[in-house]
Amino acid sequence: MEPKRSNARKPTVIRKSIVARKERAARESVFPDLRNSGLLARALILYVAGVAAYSVATTPTLSEFPLSMATSLALSLPIASVVGMFWIAANRLLRKLAYWQAGTLLLLFGVAMAFALALWLGAAPWRGVALTALGIGATLAYFHTLGRALSPAVTEARLQALQARIRPHFLFNAINGVLGVLRYEPKRAENALEDLAELFRALMRDTKELRPLHDEVVLTRQYLDLEKLRLGDRLSVSWKLDKMPSDALVPALILQPIAENAVYHGIEPSNLPGSIEIEIYRLRSTVTINVRNPFVEHAGNHHGGNKMAMSNIKERLALHFDAEAQMHAGPRDGQWLVQILLPYRPTSKNNDNASAL
1067 MEPKRSNARK PTVIRKSIVA RKERAARESV FPDLRNSGLL ARALILYVAG VAAYSVATTP
1127 TLSEFPLSMA TSLALSLPIA SVVGMFWIAA NRLLRKLAYW QAGTLLLLFG VAMAFALALW
1187 LGAAPWRGVA LTALGIGATL AYFHTLGRAL SPAVTEARLQ ALQARIRPHF LFNAINGVLG
1247 VLRYEPKRAE NALEDLAELF RALMRDTKEL RPLHDEVVLT RQYLDLEKLR LGDRLSVSWK
1307 LDKMPSDALV PALILQPIAE NAVYHGIEPS NLPGSIEIEI YRLRSTVTIN VRNPFVEHAG
1367 NHHGGNKMAM SNIKERLALH FDAEAQMHAG PRDGQWLVQI LLPYRPTSKN NDNASAL
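Our numbering puts the first residue of the sequence shown at 1067, with every later residue one more than the last.
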């Protein structure tokens, strides 16, 4: 008789799975990236507000407030500057740790700097240490609360992305385009089906992470090749990529939906041939993406679907880059221009693809 297999290891496996999920959940609260100008501005405002609140609380009369504020700033500014520089320099390390671990490390560093500065000046260390601990603690608590508040927005943005990714008209048009050349150009139809499969594979990927700009361009080329199959000479595409930083990290599916809107709103409503121009370049620390297409002023409801894709892209840009990214859309010189400005973040083996918060 075959002995029964023991199930003793199953609880261990389940416990390990639960622990792993908890660790992943803890790491979902990503440590703030102070290189982001929007977060840096918030941190500076919090710092000044914290010093002002401390001065008000420790000043017996209003007339003494300016002197108390100046003294508190003089004591805390060097420490705040050193802590800020450490925060930026150790960004990769801090964002690999759980939020509480990174916060504890930053707090200990700040308190140590405050204590060392007080000893060097021959002053009582309690004031500088208290200011530092309160300032860092309040800042970390604010960013943690902000990150938790944004997490539903991330989920909602991902759901909107799923809804906006596949438009039924594109699927039907792509299949009809393939069927149109299947009999006469079977090789071209085969290549088109491969592009379609790759396109839908990319559309089904998780859009939470940042991806190299080169990958987004390849995906958009595949999409436009499929549209050319259907529209023929009515669609031409001009690419200006001489100064494009291929290694720049951008939100997934940032370019293809704009190209799809350009086809849907700029090419399809007109019987005349039209051109889409896609220009991408880097100027210092800013990456610029320009997409131009013919502007059909009286397209009626044809422009109605433009809002969802554009608002979705704007929301994801804000979630990833905060105030550092901008997006503009509108008529210019007889064409419709969509322009995206975002910070240049190169791809690297150790690069953190998470959002600013």
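Yeah, the Cβ is synthetic: ideal placement off N, Cα and C, and Gly gets one too.
Small disclaimer: the values here were computed from a predicted structure and weren't measured.
Asked: With distances taken between CB atoms, is the gap from Ile1344 to Trp1402 smaller than 7 Å?; Found: no
Asked: On the CB-based measure, 16 or more other CB atoms within 10 Å of its CB, does Phe1387 come out buried or exposed?; Found: buried
Asked: For a test of the three-state rule: what should DSSP assign to Gly1396, helix, strand or coil?; Found: strand
Asked: How about Tyr1289 and Leu1319: do their beta carbons lie closer than 7 Å?; Found: no
Asked: List the endpoints of the continuous alpha helix (DSSP H) containing Leu1292.; Found: Leu1279 to Leu1297
Asked: Spell out the partners DSSP gives Val1303 in its beta bridges.; Found: Ile1342
Asked: Would Gly1243 and Arg1287 qualify as a contact pair, given that the criterion is a beta-carbon distance under 7 Å?; Found: no
Asked: From Ser1312 to Pro1278, what does the alpha carbon distance come to, in whole angstroms?; Found: 7 Å
Asked: Cutting at 7 Å between CB atoms, please list the residues of its own chain near Val1148, excluding the five before and the five after it.; Found: Met1179
Asked: If you drop the 5 nearest sequence neighbours on each side, which residues of the same chain put their C-beta closer than 7 Å to that of Ser1121?; Found: Phe1131, Ser1134, Met1135 and Ser1138
Asked: Can you list, in chain order, the residues of its chain whose CB lies under 6 Å from that of Ala1314, leaving out five sequence neighbours each side?; Found: Leu1279, Val1353 and Tyr1410
Asked: Where do the ends of the alpha helix (DSSP H) carrying Thr1424 lie?; Found: A query on residue 1424 cannot be resolved here, the shown segment of the chain reaching from 1067 to 1423 and no further.
Asked: May I ask you to report which of helix, strand or coil DSSP gives Ile1320?; Found: coil
Asked: What did DSSP end up calling Val1149 once you bin it into helix, strand or coil?; Found: helix
Asked: In whole angstroms, give me the CA-to-CA distance for Arg1358 and Glu1293.; Found: 16 Å
Asked: Restricting to runs no shorter than 4 residues, where is the alpha helix (DSSP H) found entirely within the region 1127-1176?; Found: 1131-1155 and 1157-1162
Asked: Exposed or buried, what is Tyr1113 when buried is set at 16 or more other beta-carbons lying within 10 Å of its beta-carbon?; Found: buried
Asked: Return the bridge partner residues of Trp1402 from the DSSP annotation.; Found: Asn1359 and Pro1397
Asked: Buried or exposed for Ala1091, please, with buried defined as at least 16 other CB atoms from any protein chain shown within 10 angstroms of its CB.; Found: With a pLDDT of 45 at Ala1091, under the threshold of 50, the modelled position of this residue cannot be trusted; read the value that follows with caution. With fewer than 16 other Cβ atoms within 10 Å, it is exposed.
Asked: Helix or strand or just coil, what does DSSP make of Pro1191?; Found: helix
Asked: Three-state secondary structure (DSSP) at Tyr1347?; Found: strand
Asked: Once DSSP output is grouped into helix, strand and coil, what is the label at Asn1367?; Found: A caution first: Asn1367 carries a pLDDT of 49, below 50, which makes its placement in the model too unreliable to give a value.
Asked: Give me, in chain order, the residues of the same chain whose beta-carbon lies closer than 7 Å to that of Arg1400; leave out the 5 immediate sequence neighbours on both sides.; Found: The sequence shown places Gly at residue 1400, rather than the Arg named in the question. Taken in chain order, the residues that qualify are Phe1361.
Asked: If contacts are defined as beta-carbon pairs under 8 Å, then Leu1172 and Ile1202 qualify, I think. What distance do you get, rounded to the angstrom?; Found: 6 Å
Asked: Taking just the CA atoms, how far does Ala1263 sit from Leu1110?; Found: 48 Å
Asked: What does a CB cutoff of less than 7 Å around Arg1101 pick up in its chain, not counting 5 residues either side in sequence?; Found: Ile1154 and Asn1157
Asked: Relative to the C-alpha of Gly1426, which candidate in Lys1253, Glu1381 and Gly1298 has its C-alpha closest?; Found: A question about residue 1426 goes unanswered here, because the residues of the chain that appear run from 1067 up to 1423.
Asked: Under 8 Å Cβ to Cβ from Phe1181, same chain only, skipping five residues before and after it: list those, please.; Found: Pro1191, Gly1194 and Val1195
Asked: I need the straight-line Cα distance from Lys1253 to Val1247, nearest angstrom please.; Found: 9 Å
Asked: Which residue wins for smallest C-alpha separation from Ser1103, given the options Thr1413, Leu1408 and Asn1337?; Found: Leu1408
Asked: Which one of Arg1300, Leu1349 and Gly1176 has the shortest CA to CA distance from Ile1406?; Found: Leu1349
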